[in-house]
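Final position of the sequence shown in UniProt numbering is 143; the numbers increase by one with none missing.
Glycine is no exception: its CB is placed at the ideal position from the N, C-alpha and C atoms.
Quantities reported herein were computed from a predicted structural model and do not represent experimental measurements.
A short worksheet on the structure shown next.
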Amino acid sequence: MVQLRAAHERDLTELASLAGELGYPLAPAIISANLLQIVTRPEHCLLVACDAEDRAIAFLHAYQRISLASVPSVEIAGLVVAADWRGQGVGRRLILALQDWASQHGVMVLRLRSNVQREDAHRFYQQLGFRVSKTQLALVKNL
């Protein structure tokens with residue numbers, strides 16, 4: 001049976017592995033530093049889905065987003081389910097839990113950005129009621 005709970009530092013190894021599956025392999029030290037900041041900020045939600053041995057098999061990270069030019073929203077920063085667990089409703093459960101979290105924080109809009117190549121992810125989100133709002137270019141400047 002899969003259980004959902006808040007992420008903890010003890011999940012670091014599984015979180016690092018899952019981040020790699022998502023396409024963002026990072027050194028455990030970087031993930032650890034990020035994790036410590038995320039779990040201490042109340043505007044962030046970091047949930048894990050765990051197997052029967054309490055090992056994280058999926059995570060969802062989202063945060064409250066405030067912008068001068070739009071209504072407050074919760075932005076999904078990352079959602080990944082381990083390959084062996086995909087198609088079993090784990091991602092759906094995480095999204096539903098996030099909807100509850102957002103509602104409890106008075107936010108009624110969920111947003112996310114998805115690489116144009118992730119067509120399976122697009123179908124997943126659209127089946128859950130998300131719609132394409134625009135196509136945009138992502139720009140980065142290293143400092």
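What's the gap between the Cα of residue i and the Cα of residue j?
i: Glu-14; j: Ser-67; result: 33 Å
i: Ile-57; j: Gly-20; result: 13 Å
i: Met-108; j: Asp-100; result: 10 Å
i: Leu-98; j: Arg-55; result: 20 Å
i: Lys-134; j: Arg-65; result: 18 Å
i: Leu-143; j: Val-90; result: 37 Å
For residue i, which residues does DSSP report across the bridge?
i: His-44; result: Tyr-63
i: Ile-38; result: None; Ile-38 has no bridge partner.
i: Gly-78; result: His-61
i: Leu-112; result: Ile-76
Which same chain residues, not among the five before or five after residue i, have their C-beta less than 6 Å away from its C-beta?
i: Leu-18; result: Phe-59 and Val-80
i: His-44; result: Ile-38 and Tyr-63
i: Ile-76; result: Ala-62 and Leu-112
i: Ala-16; result: Pro-28 and Ile-31
i: Val-140; result: none
i: Pro-72; result: Ile-66 and Val-107
Buried or exposed: which applies to residue i, given that a residue is buried once 16 or more other Cβ atoms fall within 10 Å of its Cβ?
i: residue 145; result: Because the chain here runs from 1 to 143, residue 145 falls outside it and cannot be looked at.
i: His-70; result: Note that residue 70 corresponds to Ser in the displayed sequence, not to His. The residue in question, Ser-70, is exposed, as its Cβ has fewer than 16 Cβ neighbours within 10 Å.
i: Asp-120; result: exposed
i: Ile-132; result: Here the sequence assigns Val to residue 132, which means Ile is not the residue at that position. Exposed, since its Cβ has fewer than 16 Cβ neighbours within 10 Å.
i: Ala-27; result: exposed
i: Val-74; result: buried
i: Asp-11; result: buried
i: Leu-46; result: buried
i: Val-116; result: exposed
Quick one: residues in its chain with C-beta nearer than 7 Å to the C-beta of residue i, no 5 flanking neighbours on either side, listed in chain order?
i: Leu-22; result: Gly-78 and Val-80
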